[in-house]
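Inspection log for the structure reproduced underneath, given as C-alpha cells.
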Amino acid sequence: MITRGFTGRRQPSEVADRIPPGQYLTEDFPVLSAGPTPRVRLDDWSFTLKVGPRKVATFSWEEMNDLPQSRMTRDIHCVTRWSKLDTAWQGVLVDDIVAAANISAPTGFTLAHSYDGYSTNVPTDDLVGGKAMIALLYAGEPITPDHGGPARLLVPHLYLWKSAKWLNGLQFTERDEAGFWELRGYHMRGDPWAEQRFRDDL
C-alpha cells in the first residue's frame, strides 16, 4: 500500500511549508477504505460514549445535531501520502460530547469505533482541547458515505486513518489498545510531521 522510497512531488512554493515530509498536494479527495462502505440510515444512527466497558451516554442523530456545532477548516494528510488543504468541516467537538455526558476525559487513551467494525486508537490529548470533532458536514453538505458519513471522527493533525469513518462511538481506555491498522503494523499515534507511518517509525 505504501512505498518507503517514494519522495513525493514538487510542491507549490506558497504552500510547501504546509505539506508534511513525503506528502504530495492533491485537489481531489481520494476514497480509501479497509472494506465495503456501510450505508447507515439517520434514523438508525447512534453514537455511544464509553469509559472502559461502561456506557456513559448515547446520542441519536437528532441529539447529536442539537449539541453545540463548531466549524474547522484544516489541512488533512493521508498515510498513502496525499495532502489536501483547507478542508471545511462542521460538527461537534469531542470536548462538547464529553461535557454533554457530564464527565471529563477520564483516561489517557481512546478507541474510536465504527459501524463496519473498524477501530483506531488515539491518545485522549489529541482529541480534547478543540483538536478533534465528530464531523457531520463537509464543505457545508452532509458527508457522503464514501467519505465516512453520516458522521466521522476528524483528528486533522494526525494521519487520516485516525479520523475513523462511519463513527458510532468513542471508548476511553486505561491503556493504548491498537486498532485495525495499528494491529497490522501502522504507528500507534500517526503524526504526519514526524512521518509516523509504521510501528517502528519514531
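Using UniProt numbering, you'd call the opening residue of the sequence shown number 1 and step up by one each time. Think of the CB as a built atom: it goes at the ideal place given N, C-alpha and C, for glycine as much as any other residue. Just so you know, these numbers come straight off a predicted model, no measurement behind them.
Which stretch, first to last residue, makes up the alpha helix (DSSP H) that contains residue i?
| i | result |
| --- | --- |
| Met64 | 61-66 |
Which residues does DSSP pair with residue i in a beta bridge?
| i | result |
| --- | --- |
| Ile76 | Lys84 |
| Met133 | Leu93, Leu154 |
| Arg71 | Gln90 |
| Glu141 | Tyr138 |
| Thr48 | Thr58, Gly169 |
| Tyr186 | Phe198 |
Looking at the structure shown, is residue i part of a helix, part of a strand, or coil, going by DSSP?
| i | result |
| --- | --- |
| Val15 | coil |
| Ala57 | strand |
| Leu25 | strand |
| His147 | helix |
| Trp161 | helix |
| Pro20 | coil |
| Trp181 | coil |
| Pro192 | helix |
| Val98 | helix |
| Gly5 | Below a pLDDT of 50, predicted positions are generally treated as unreliable, and Gly5, at 37, falls in that range; no measurement from the model is reported. |
| Asp43 | coil |
| residue 265 | Here the chain comprises residues numbered 1 to 202, so residue 265 is not present and cannot be evaluated. |
Taking the beta strand (DSSP E) that residue i falls in, what are its first and last residues?
| i | result |
| --- | --- |
| Phe172 | 167-173 |
| Val122 | 119-123 |
| Ala112 | 109-114 |
Exposed or buried, residue i, counting other C-beta atoms within 10 Å across all chains shown (16 or more means buried)?
| i | result |
| --- | --- |
| Asn121 | buried |
| Glu182 | buried |
| Asp95 | buried |
| Met1 | Residue placement at Met1 is flagged as unreliable, the pLDDT there being 40, under the threshold of 50; the coordinate-derived value follows with that caveat. So Met1 counts as exposed. |
| Lys50 | buried |
| Thr7 | Annotation note: pLDDT 41 at Thr7 (below 50); position unreliable, coordinate value reported separately. Exposed: under 16 other Cβ atoms inside 10 Å. |
| Phe198 | exposed |
| Pro150 | buried |
| Thr110 | buried |
| Ala99 | exposed |
| Thr173 | buried |
| Asn102 | exposed |
| Val155 | buried |
| Trp89 | buried |
| Trp193 | exposed |
| residue 207 | Limits of the chain in this structure are 1 at one end and 202 at the other, which puts residue 207 out of reach. |
| Val92 | buried |
| Lys165 | buried |
Flag residue i as yes if its beta-carbon sits less than 8 angstroms from any beta-carbon of chain B, otherwise no.
| i | result |
| --- | --- |
| Lys162 | No chain B is part of this structure, which consists of one protein chain only. |
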